[in-house]
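Taking it in order: structure first as structure tokens, then the write-up.
2 protein chains.
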Amino acid sequence: MTQPGAATKIVLPESEIPTRWYNILADMPSPPDPPLHPGTKQPPAPEDLAPLFPMDLIEQEVSGQRYFDIPEPVRDVYRLWRPTPLYRAHRLERALGTPARIYYKYEGTSPAGSHKPNTSVAQAYYNRRAGITRLTTETGAGQWGSALAFAARQFDLEIRVYMVKVSYEQKPYRRLMIETWGGEVVSSPSRLTASGRRILEDDPDSPGSLGIAISEAVEEAAGRKDTNYSLGSVLNHVLLHQTVIGQEAQKQFALVGDYPDVVIACCGGGSNFGGLAFPFLHDRFTGNAPKAARVVAAEPAACPTLTRGVYAYDFGDTAGLTPLMKMYTLGHGFIPPGIHAGGLRYHGDSPIVSKLVRDGHVQAQAYSQVGVFEAAVQFARTEGIIPAPESAHAVKGAVEEALAAKAEGTPRTILFGLSGHGHFDLAAYDQYLRGRLQDYEYPAEMVEKALADLPVVPGA
Amino acid sequence: MTQPGAATKIVLPESEIPTRWYNILADMPSPPDPPLHPGTKQPPAPEDLAPLFPMDLIEQEVSGQRYFDIPEPVRDVYRLWRPTPLYRAHRLERALGTPARIYYKYEGTSPAGSHKPNTSVAQAYYNRRAGITRLTTETGAGQWGSALAFAARQFDLEIRVYMVKVSYEQKPYRRLMIETWGGEVVSSPSRLTASGRRILEDDPDSPGSLGIAISEAVEEAAGRKDTNYSLGSVLNHVLLHQTVIGQEAQKQFALVGDYPDVVIACCGGGSNFGGLAFPFLHDRFTGNAPKAARVVAAEPAACPTLTRGVYAYDFGDTAGLTPLMKMYTLGHGFIPPGIHAGGLRYHGDSPIVSKLVRDGHVQAQAYSQVGVFEAAVQFARTEGIIPAPESAHAVKGAVEEALAAKAEGTPRTILFGLSGHGHFDLAAYDQYLRGRLQDYEYPAEMVEKALADLPVVPGA
Numbered sequence: 002m003t004q005p006g007a008a009t010k011i012v013l014p015e016s017e018i019p020t021r022w023y024n025i026l027a028d029m030p031s032p033p034d035p036p037l038h039p040g041t042k043q044p045p046a047p048e049d050l051a052p053l054f055p056m057d058l059i060e061q062e063v064s065g066q067r068y069f070d071i072p073e074p075v076r077d078v079y080r081l082w083r084p085t086p087l088y089r090a091h092r093l094e095r096a097l098g099t100p101a102r103i104y105y106k107y108e109g110t111s112p113a114g115s116h117k118p119n120t121s122v123a124q125a126y127y128n129r130r131a132g133i134t135r136l137t138t139e140t141g142a143g144q145w146g147s148a149l150a151f152a153a154r155q156f157d158l159e160i161r162v163y164m165v166k167v168s169y170e171q172k173p174y175r176r177l178m179i180e181t182w183g184g185e186v187v188s189s190p191s192r193l194t195a196s197g198r199r200i201l202e203d204d205p206d207s208p209g210s211l212g213i214a215i216s217e218a219v220e221e222a223a224g225r226k227d228t229n230y231s232l233g234s235v236l237n238h239v240l241l242h243q244t245v246i247g248q249e250a251q252k253q254f255a256l257v258g259d260y261p262d263v264v265i266a267c268c269g270g271g272s273n274f275g276g277l278a279f280p281f282l283h284d285r286f287t288g289n290a291p292k293a294a295r296v297v298a299a300e301p302a303a304c305p306t307l308t309r310g311v312y313a314y315d316f317g318d319t320a321g322l323t324p325l326m327k328m329y330t331l332g333h334g335f336i337p338p339g340i341h342a343g344g345l346r347y348h349g350d351s352p353i354v355s356k357l358v359r360d361g362h363v364q365a366q367a368y369s370q371v372g373v374f375e376a377a378v379q380f381a382r383t384e385g386i387i388p389a390p391e392s393a394h395a396v397k398g399a400v401e402e403a404l405a406a407k408a409e410g411t412p413r414t415i416l417f418g419l420s421g422h423g424h425f426d427l428a429a430y431d432q433y434l435r436g437r438l439q440d441y442e443y444p445a446e447m448v449e450k451a452l453a454d455l456p457v458v459p460g461a
Numbered sequence: 002m003t004q005p006g007a008a009t010k011i012v013l014p015e016s017e018i019p020t021r022w023y024n025i026l027a028d029m030p031s032p033p034d035p036p037l038h039p040g041t042k043q044p045p046a047p048e049d050l051a052p053l054f055p056m057d058l059i060e061q062e063v064s065g066q067r068y069f070d071i072p073e074p075v076r077d078v079y080r081l082w083r084p085t086p087l088y089r090a091h092r093l094e095r096a097l098g099t100p101a102r103i104y105y106k107y108e109g110t111s112p113a114g115s116h117k118p119n120t121s122v123a124q125a126y127y128n129r130r131a132g133i134t135r136l137t138t139e140t141g142a143g144q145w146g147s148a149l150a151f152a153a154r155q156f157d158l159e160i161r162v163y164m165v166k167v168s169y170e171q172k173p174y175r176r177l178m179i180e181t182w183g184g185e186v187v188s189s190p191s192r193l194t195a196s197g198r199r200i201l202e203d204d205p206d207s208p209g210s211l212g213i214a215i216s217e218a219v220e221e222a223a224g225r226k227d228t229n230y231s232l233g234s235v236l237n238h239v240l241l242h243q244t245v246i247g248q249e250a251q252k253q254f255a256l257v258g259d260y261p262d263v264v265i266a267c268c269g270g271g272s273n274f275g276g277l278a279f280p281f282l283h284d285r286f287t288g289n290a291p292k293a294a295r296v297v298a299a300e301p302a303a304c305p306t307l308t309r310g311v312y313a314y315d316f317g318d319t320a321g322l323t324p325l326m327k328m329y330t331l332g333h334g335f336i337p338p339g340i341h342a343g344g345l346r347y348h349g350d351s352p353i354v355s356k357l358v359r360d361g362h363v364q365a366q367a368y369s370q371v372g373v374f375e376a377a378v379q380f381a382r383t384e385g386i387i388p389a390p391e392s393a394h395a396v397k398g399a400v401e402e403a404l405a406a407k408a409e410g411t412p413r414t415i416l417f418g419l420s421g422h423g424h425f426d427l428a429a430y431d432q433y434l435r436g437r438l439q440d441y442e443y444p445a446e447m448v449e450k451a452l453a454d455l456p457v458v459p460g461a
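Line order of the protein sequences matches chains A and B. If you want this note's numbering, it's the 1-based position in the first sequence plus 1. If you want this note's numbering, it's the 1-based position in the second sequence plus 1.
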């Protein structure tokens, strides 16, 4: 179907959309520690999560079952953009003069323009099946909110998105996408919830934060029987749904008779990273592949969770309301500098990804903002696609690998995840091109201060 | 490869990218009248065009040869996004309750997000081959400028884009795309050209216009040996390059064993329309297909060139500098109301498309703005993709056809062209959703006034 070596774009027919999601918990040599209830410090029972999530998702969250069948209505929505293309970056290779073969898996062809709909569609489906008619969620710049609004519409769910006020006012485009798909967007903090009103009483001009928006969305969902809450990363079931990415990439590599030596993806909460990497880690854990790929998580130097954080129990949110998760964290009170890769500005990380890094199965690598944009512009000028700032961290990782191959004079096969396009991030490119983009030092003092606030978990 | 009937997305491997462009001049029952030199009123000789265009493109402009081979370096760039998907709009069909089968050919997966790179890549290639190192062009909101900047970068050409000042200031996103790809953007009117300086002397605060920007781009190209000018629509060679769209669609229909009864595309200068429709008209002219498709050009009621214009010789630009073209026109002095479908705000139309309408081979249909956005939102909420306002005119046409099929109780196969995404047009959706979008009456008086200025061509 495609000529090995010569192909630019390796495509699959929609019959090749994966039929099941892969659960890496079944194959990890050592499983992650369980989450803990913030009061009792005991693992939460499924019932504790039932006010927020449908039972199907709670089961996927805790199960050790290796595969979950993808329901046909979910695969049917996936058909709108899946399988996504795997590209061979011939032009970037030539520009770098590298002996490496560089491939990228491009998730920007989804209606929302990123990998996020892989899980938003699944979550909307399971909620609908459980009789839920409304969803709430939070969003920063709007990537997750728009992905969930698209999915909610496909299953006739209403949706309310609490959008951080400063983004609501300064970045209207993803808000308009949410509204075009029929979703409701509320500037957070709002007067619709007790949490919001409390903040506004203290500071009527509060710019909001992701932590506040989470509190509002959770409060509303917990208080209404018809309404559930939906989260776009970090949790096990979210990473599970994203594994369609890596599974497709494996089929595409088989078509051209190649296999990656190294797999690189950007990592914020971990869902994009897990989606691409876990199927390749499965190959490694089971010896089920021509070679064992090295796996790299790329993160921003300004929010270096995996490379500079501590591995400990911490809250998932800023306010300290969520279950405690064992993960790499910079402290739940840490507020990262305002880099443009908003999706990577998270103090913690997926417990599964954290454990894989802890045990040496995954390498983490941090990159500074200016170098990341330099790589992104080189990529845009050779391959055409303008990457999202988050995805640009993986571009940077791939360029570094390709230059190392050149310096060593040894070819290798590099796969990276291009998780989305940068159509709504052009202001950041503008700053870079005008030399106005800045790097941030490792925020050592802020991290130290935040880590001093870690919750105490006896025996952990 | 795909299951007939069940498929959502009919994809082709890149080996199926067409190997030649189709020239409808070879098959038209009656050819269009030739362009005329504005001074002599005689057809221009190829040499007259040589200061602006390379000989390969001039030959394609005037030739009656049925096919032109697509050079391999052009096909190689096409591989970055071609073949584009043909979608079956199952969800839109269900929402409309229509017995019709609706298909759409989606060109928004190109790096620039529209069909425009199909010709910009070809034009950049031929200019490079002719030893040209710089290109100039004009752009309004930036669709064409960004497509040409992407293409210029692929063939190491410099590019300067004269961008209408009001767009330069109010719509920065496509300007930033051009710059990200390495192009230079100049606010027009500028002090770089005599035409620009003349305008600024009269009115230092001139908001600019497409006509002024064309004058500046042409003036610079005509005055420099290393520099040519590039145009994004209207001309025969531009429509020729776009025929990869319709040729791919034909292969995709063959894969699922279907064929359109009606083909609908939006029409501004005519390149998107011609690209999709001409291969199907070829089938009709040669009897080379299971049936003869009806072909519809969708245009805005606010700029109803094909439905309310006159068929006459007129200038292609506002200033009256270009050759005279026999076409439907609202008068070169006509300034269309400020609808959001900027790409359809053109007083004239392709001479080939005009002749096909004149001779009854193509039907033209005009739609008002509010109804067009209503269809676009219904499309976005069912199919996911948010259409460009231009493309939304074809969506509206398809919806009307599907509702007619429902009213008549007769199934039919509808194909429409979704020429681009609306990621940079969300402000227009915002206005629609808030009830602030307005329709414009047919601007009868303005048209009457403009038509009084038509150039006099003896005997035409």
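Every residue gets a Cβ at the ideal spot worked out from N, C-alpha and C, and that includes glycine.
Discussion item. Closest to B:Ser272 by C-alpha separation, out of B:Ala8, B:Ala298 and B:Glu402, would be which residue?
Written reply: B:Ser272 has its Cα closest to that of B:Ala298, out of B:Ala8, B:Ala298 and B:Glu402.
Assign A:Ser234 to one of three DSSP states: helix, strand, or coil.
Three-state result, A:Ser234: coil.
Are the beta-carbon atoms belonging to A:Pro100 and A:Ala294 less than 7 Å from one another?
Remark: C-beta atoms of A:Pro100 and A:Ala294 do not approach each other more closely than 7 Å.
Exercise. Does the Cβ of B:Val411 have 16 or more other Cβ atoms within 10 Å, making it buried, or fewer, making it exposed?
Worked result: This sequence places Thr at residue 411 of chain B; Val is not what is there. So B:Thr411 counts as exposed.
| message | According to DSSP, is B:Phe316 part of a helix, a strand, or is it coil? | response | Taken through DSSP and simplified to helix, strand or coil, B:Phe316 comes out as strand.
*With which residues is B:Arg295 paired in a DSSP beta bridge?*
Partner(s): B:Val263.
is_contact[A:Thr85, chain B] using C-beta, thresh 7 Å: No, its Cβ sits nowhere closer than 7 Å to a Cβ of chain B.
Requested in this report: May I ask you to report which of helix, strand or coil DSSP gives B:Val311?
Outcome: Correct three-state label for B:Val311: strand.
In chain order, what residues of the same chain have a beta carbon less than 6 Å from the beta carbon of A:Ile59, not counting five sequence neighbours either side? Pro47 and Leu50.
- Item | Outcome for A:Pro84 when other beta-carbon atoms lying within 10 angstroms are tallied against a minimum of 16 | With 16 or more other Cβ atoms within 10 Å, it is buried.
**Prompt:** Whose Cβ in chain A lies nearer than 9 Å to the Cβ of B:His424?
**Reply:** Within chain A, Gly114, Tyr174, Met178, His422, His424 and Phe425 have C-beta atoms less than 9 Å from the C-beta of B:His424, given in sequence order.
Checklist entry - Along chain B, which residues have their Cβ under 7 Å away from the Cβ of A:Ala8? => result The contacting residues are Glu15.
Please identify the residue among A:Asp440, A:Ala302 and A:Pro55 whose C-alpha is closest to the C-alpha of A:Ala131.
In this structure, A:Pro55 is the residue among A:Asp440, A:Ala302 and A:Pro55 with its C-alpha nearest to the C-alpha of A:Ala131.
**OP:** Determine, using beta carbons only, whether B:Gly334 and B:Ala451 come nearer to each other than 7 Å.
**Re:** A Cβ-Cβ contact shorter than 7 Å links B:Gly334 with B:Ala451.
Where B:Glu375 meets chain A, residues with beta-carbon distance less than 8 Å: Using a Cβ-Cβ cut-off of 8 Å, B:Glu375 is close to nothing in chain A; its nearest Cβ partner there is about 12 Å away.
message = Using the three-state DSSP reduction, which class does A:Pro5 fall into: helix, strand or coil?
response = The pLDDT assigned to A:Pro5 is 42, lower than 50, so where the model puts this residue is not dependable, and the model offers no usable value.
Exercise. Who are A:Val165's beta bridge partners in DSSP?
Worked result: Under DSSP, A:Val165 shares a beta bridge with A:Ser189.
Margin query: According to DSSP, is A:His38 part of a helix, a strand, or is it coil?
Written below: DSSP places A:His38 in coil when its eight states are reduced to three.
Roughly how many angstroms separate the alpha carbons of B:Thr323 and B:Pro205, rounded to a whole number? Just so you know, the alpha carbons of B:Thr323 and B:Pro205 end up roughly 26 Å apart.
### Beta-carbon separation (whole angstroms), A:Arg176 vs A:Val186, contact threshold 8 Å
Contact annotation, A:Arg176 with A:Val186: C-beta distance approximately 5 Å; criterion of less than 8 Å satisfied.
Residue-chain proximity (B:Phe380, chain A), Cβ-Cβ < 7 Å
Closer than 7 Å: no.
Report the rounded CA-to-CA distance for B:Glu170 versus B:Pro301, giving the unit in angstroms.
Whole-angstrom Cα-Cα distance: 25 Å.
Under the three-state DSSP convention, the category B:Asn289 falls into = The answer is coil: DSSP assigns B:Asn289 none of H, G, I, E or B.
- Message: For B:Ile200, report the span of its alpha helix (DSSP H) as first-last.
- Response: Ala195 to Asp203 is the extent of the alpha helix (DSSP H) around B:Ile200.
task: Evaluate A:Val457 with the Cβ neighbour count: other Cβ atoms within 10 Å of its Cβ, from every protein chain shown; 16 or more gives buried, anything less gives exposed.
output: Label assigned to A:Val457: exposed.
Self-check item: Terminal residues of the alpha helix (DSSP H) in which A:Lys226 lies
Solution: That residue, A:Lys226, is in no alpha helix (DSSP H); it is neither H nor E in DSSP.
- Item | Chain-order list of residues whose beta-carbon lies under 8 Å from that of B:Arg95 (same chain, five-residue window excluded) | Closer than 8 Å at Cβ, skipping near neighbours: Thr383.
Could you check where the alpha helix (DSSP H) with A:Glu449 kicks off and where it finishes?
Taken as a continuous stretch (DSSP letters only), the alpha helix (DSSP H) holding A:Glu449 covers Ala445 to Leu452.
For A:Leu149, the nearest candidate out of A:Val78, A:Glu202 and A:Ser189 (CA to CA) = Comparing alpha-carbon positions, the option among A:Val78, A:Glu202 and A:Ser189 lying closest to A:Leu149 turns out to be A:Val78.
Next item on the list: Quick one: using the 10 Å Cβ neighbour count with 16 as the cut-off for buried, is B:Pro5 buried or exposed?
Entry: Summary for B:Pro5: the model assigns pLDDT 42, below 50, so the residue's position carries little reliability, and this model does not support an answer.
Taking the Cβ atom as the reference point for each residue, do B:Lys117 and B:Gln155 lie within a distance shorter than 7 Å?
Here B:Lys117 is not near B:Gln155, since their CB atoms are 7 Å or more apart.
Any C-beta of chain A under 7 Å from that of B:Leu416: It does not: the Cβ of B:Leu416 has no partner Cβ on chain A nearer than 7 Å.
**OP:** Indicate the three-state DSSP secondary structure (helix, strand or coil) for B:Lys106 in the structure shown.
**Re:** DSSP places B:Lys106 in strand when its eight states are reduced to three.
A:Gly421 in three-state terms, based on DSSP | Strand.
Name, please, each residue of chain A whose Cβ falls closer than 8 Å to the Cβ of B:Asp431.
By Cβ distance, chain A contributes Pro173, Leu177 and Glu180.
Quiz prompt | Endpoints, alpha helix (DSSP H) assigned at B:Asp49 | solution = Residues Pro47 to Leu50.
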